[in-house]
Each structure stands twice: as C-alpha cells, then as structure tokens.
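Residue numbers (the numbering used here): 2 to 205.
Put into structure tokens, the structure is as follows:
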C-alpha cells in the first residue's frame, strides 16, 4: 500500500449521511473516520493524503449524476411540484452518458417523495385557498402569475416562472392539455402548456 501525498482542490457533495462526499479527479470519497493525518477542513477544503489505490477507473459522469440527484432533492424541499415533474425538469438537458449513471426513475421519484416539503393544512372550501408568501414562488422566482381572488365565482390561478415563460416565447409549437380528472379539489379543470426540449416534454 503506497502513500499518495498531494495538495489539491476538492469538491464537497451533499449525501444522505452525516458527512458529505468528496469528489476528486473522477472519484467519490466517503467519510470513514476523523484523522488529522488525512483530511483538513477549512474554508477551502484540501486533501492532504490518500493511502489506498482505486481498483476502478475514475468516473466524472457518476459525480455529475450525484449532483443531479441532489438537485432533485433540493427542488422537492423548495416546491410542491409532483415527483414526475421534478424528475422531467431536472433531466431535460442532461447528456445520455450522465443519465446512464442515474438510478432508475422510480427510485428517484421515491427519493423525491421522501424529501417533500410540509404542505399547509388542507382547505375545506375554495374560499380558504389563499396563496401567499413562499407559495407564490418557485425557489427564488415568482410563480403565481395571476389569481382573481378567493371570493371570485370562477377562481382562476395561473402559474409559471419567468424562465419557463421564455421557453414558451422561444418555442414554435405549444402542446396544450386540458384535464378534468387531475384538477385539484374545488377546481374544475387543470390546463397545462408544454414545450419539447430535446426528447422531453416540459410543462411551462
């Protein structure tokens, strides 16, 4: 077992364990134990030494796939989007080589559901649906574009981010779908507009 001693920049990637993983030159390192001889934590994390050779090749695509999984989890915490929508949006522009390193779609959707943000109390009538604060936003962007108010006889809510409005503006073709069965309680119809990005249809 030979000792590799070097000083180089590394990248910390969140994990579902106590400590983050470390991405370095195409490899992912998991925290094993605290030992000042091996790892120094500071504002600029630096790997001091590694005492094991890898028995497999480095894989930058696997590191990118790990980042994509983390992005899905963050979106699950920040939004009330369905797992299928989060999955489709995140992978829409991901190269095939990285998609191949992701777990199966159903596993990722289950992971998203497990990290869902806490929903507000369920309203008992349409007049109790008052959208305010963080629920008017998607992440740090505005999301609620129009609301004619809880006292309206025909309540209309329109949602979109500026980023997805720009996709609509750039697309020559819109795919529209009016669905009665999927409409939320107290509403009659859910109407969505999608655009095609590569081979994925994204709700805009």
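Where a beta carbon is used, it is the ideal one built from N, C-alpha and C, also for glycine.
These figures come from a predicted structure and were not determined experimentally.
Using 8 Å as the threshold, is the segment 104-113 in touch with the segment 78-90, meaning 3 or more CB pairs across them? yes
Leaving out the 5 sequence neighbours to the left and right, which residues in its chain are closer than 8 Å to residue 192 when beta-carbon positions are compared? 177, 178, 179, 180
Closer than 8 Å by C-beta to residue 142: which residues in its own chain qualify, once you throw out the five before and the five after it? Chain order, please. Excluding residues within five positions, the ones whose Cβ falls inside 8 Å are 162, 163, 164.
Minimum C-alpha distance to residue 65 - residue among 80, 99, 74, 76: For residue 65, the nearest C-alpha among the options comes from 99.
Could you spell out the range, first to last residue, of the alpha helix (DSSP H) harbouring residue 91? 84-92
Contact set for residue 171: own chain, Cβ-Cβ below 6 Å, skip 5 residues either direction: none
To the nearest angstrom, how far is the alpha carbon of residue 74 from that of residue 133? 23 Å
Cα-Cα, which of 195, 126, 166, 128 is closest to residue 221? Outside the displayed span of the chain (2 to 205) sits residue 221, for which this structure offers no information.
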